[in-house]
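**Q** Quick note, the sequences are listed as chains A and B, same order. Everything in the first sequence is counted per this note's numbering, starting at 3 for the first residue and increasing by one. Everything in the second sequence is counted per this note's numbering, starting at 10 for the first residue and increasing by one. Ideal placement from N, C-alpha and C gives every residue a C-beta, glycine not left out. Have a look at this one.
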Amino acid sequence: DAGITQSPRHKVTETGTPVTLRCHQTENHRYMYWYRQDPGHGLRLIHYSYGVKDTDKGEVSDGYSVSRSKTEDFLLTLESATSSQTSVYFCAIRGAERYNEQFFGPGTRLTVL
Amino acid sequence: AQKVTQAQTEISVVEKEDVTLDCVYETRDTTYYLFWYKQPPSGELVFLIRRNSFDEQNEISGRYSWNFQKSTSSFNFTITASQVVDSAVYFCALSEARNNDMRFGAGTRLTVKP
Numbered sequence: 003d004a005g006i007t008q009s010p011r012h013k014v015t016e017t018g019t020p021v022t023l024r025c026h027q028t029e030n031h032r033y034m035y036w037y038r039q040d041p042g043h044g045l046r047l048i049h050y051s052y053g054v055k056d057t058d059k060g061e062v063s064d065g066y067s068v069s070r071s072k073t074e075d076f077l078l079t080l081e082s083a084t085s086s087q088t089s090v091y092f093c094a095i096r097g098a099e100r101y102n103e104q105f106f107g108p109g110t111r112l113t114v115l
Numbered sequence: 010a011q012k013v014t015q016a017q018t019e020i021s022v023v024e025k026e027d028v029t030l031d032c033v034y035e036t037r038d039t040t041y042y043l044f045w046y047k048q049p050p051s052g053e054l055v056f057l058i059r060r061n062s063f064d065e066q067n068e069i070s071g072r073y074s075w076n077f078q079k080s081t082s083s084f085n086f087t088i089t090a091s092q093v094v095d096s097a098v099y100f101c102a103l104s105e106a107r108n109n110d111m112r113f114g115a116g117t118r119l120t121v122k123p
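Written as structure tokens, this is what we have:
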């Protein structure tokens with residue numbers, strides 16, 4: 003158990019509304035990641051963070067922003083949700099830093115109507 | 010660019026059969042790490058194994074074994090004497106040492122029938 007929680011676990015929202023997903027970790031890991039999982043694509047990286055206030059874009063960052071004001075929290079925001087952002091979102095932490103070994107939270111299922 | 014291909018979208022076997030899940034990767038880096046994750050029907054992602062590019066030894070853990078071959082850029086996963094509880098989606102992933110991200114294959118859905 004890597005001590006990662008995600009909230010909410012499920013959310014249904016409407017197109018055009020802002021949405022924020024939260025990832026919380028209890029073990030002081032420096033690196034945190036947000037992925038989305040879609041059928042046929044596996045997991046794709048949205049954004050990641052390598053420290054407080056230090057973030058970088060991933061493969062599918064358009065339409066998403068992130069913030070990390072505390073080590074333990076990494077927030078993912080959809081400024082104006084679209085139906086194409088309907089997905090399952092996973093947060094991860096890097097355990098063994100040298101090897102980029104990642105451990106995942108339980109996931110958030112987001113539906114944008 | 011790093012890329013992972015899992016050509017098998019779905020595999021169905023009967024309990025006690027052996028099954029191999031294929032993973033082929035592409036990278037220009039000489040130092041990289043390969044991973045397998047399991048996603049059971051409950052949805053969580055479970056870390057199974059990490060392999061470093063400089064260590065080509067195969068690994069066995071109970072009924073699970075992994076065959077890493079740099080010559081063919083493959084990192085295949087074999088389940089011996091499969092069980093119903095092995096039913097899941099399995100993901101292969103690659104991380105280059107110089108990068109902070111991880112690339113996943115599309116996953117292979119394994120169904121083990123009783």
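Report the residue from T19/A, G18/A and H26/A whose alpha carbon sits nearest the alpha carbon of T110/A.
**A** With distances taken between Cα atoms, T110/A lies closest to H26/A.
**Q** Please report the distance separating the alpha-carbon of Y50/A from that of K59/A.
**A** One C-alpha to the other measures close to 7 Å.
**Q** So which residues of chain A does N61/B contact, with C-beta pairs closer than 9 Å?
**A** Simply Y101.
**Q** Please check if any C-beta of chain C sits within less than 8 Å of the C-beta of P10/A.
**A** The structure shown contains no chain C; its protein chains are A and B.
**Q** Beta carbons nearer than 8 Å to chain B: which residues of the region 51 to 63 of chain A have them?
**A** Result list: Y52, D58, G60 and E61.
**Q** G53/A lies in the beta strand (DSSP E); which residues open and close that run?
**A** Element bounds for G53/A: G44 to G53.
**Q** Rank P49/B, T117/B and N67/B by C-alpha distance to the C-alpha of H43/A and give the top, closest one.
**A** Cα-wise, what sits closest to H43/A is T117/B.
**Q** Thinking V13/B and R107/B are a contact (beta carbons under 8 Å), I'd like their distance in whole angstroms, please.
**A** Contact doesn't hold; Cβ gap of about 17 Å is too wide.
**Q** State whether the region 70 to 78 of chain A contacts the region 91 to 98 of chain B, with contact taken as three or more CB pairs (one from each stretch) at a distance under 8 Å.
**A** No, the region 70 to 78 of chain A does not touch the region 91 to 98 of chain B.
**Q** Using three-state DSSP, classify D75/A as helix, strand or coil.
**A** Here D75/A sits in strand by DSSP.
**Q** Quick one: what does DSSP say T15/A is sitting in, helix, strand or coil?
**A** It is a strand residue.
**Q** Going along chain B in order, which residues have a C-beta closer than 9 Å to the C-beta of Y33/A?
**A** By Cβ distance, chain B contributes N109.
**Q** The beta strand (DSSP E) spanning H26/A covers which residue range?
**A** V21 to Q27 is the span of the beta strand (DSSP E), which, as asked, contains H26/A.
**Q** So, helix, strand or coil for E68/B, using DSSP?
**A** Reduced to three states, the DSSP call for E68/B is strand.
**Q** Following the continuous beta strand (DSSP E) through T113/A, name the residue where it begins and the one where it ends.
**A** First-last of the beta strand (DSSP E) with T113/A: T110 to V114.
**Q** I'd like to know if the region 61 to 76 of chain A and the region 13 to 21 of chain A are in contact, where contact means that at least 3 CB-CB pairs between them fall below 8 Å.
**A** No, because fewer than three Cβ pairs between the region 61 to 76 of chain A and the region 13 to 21 of chain A fall closer than 8 Å, the two stretches do not touch.
**Q** Would you verify that the beta carbon of F76/A is, or is not, closer than 8 Å to some beta carbon of chain B?
**A** Cβ-Cβ to chain B under 8 Å: no for F76/A.
**Q** Could you check which residue in G114/B, I20/B and N76/B has the C-alpha nearest to that of Q66/B?
**A** Nearest C-alpha to Q66/B: N76/B.
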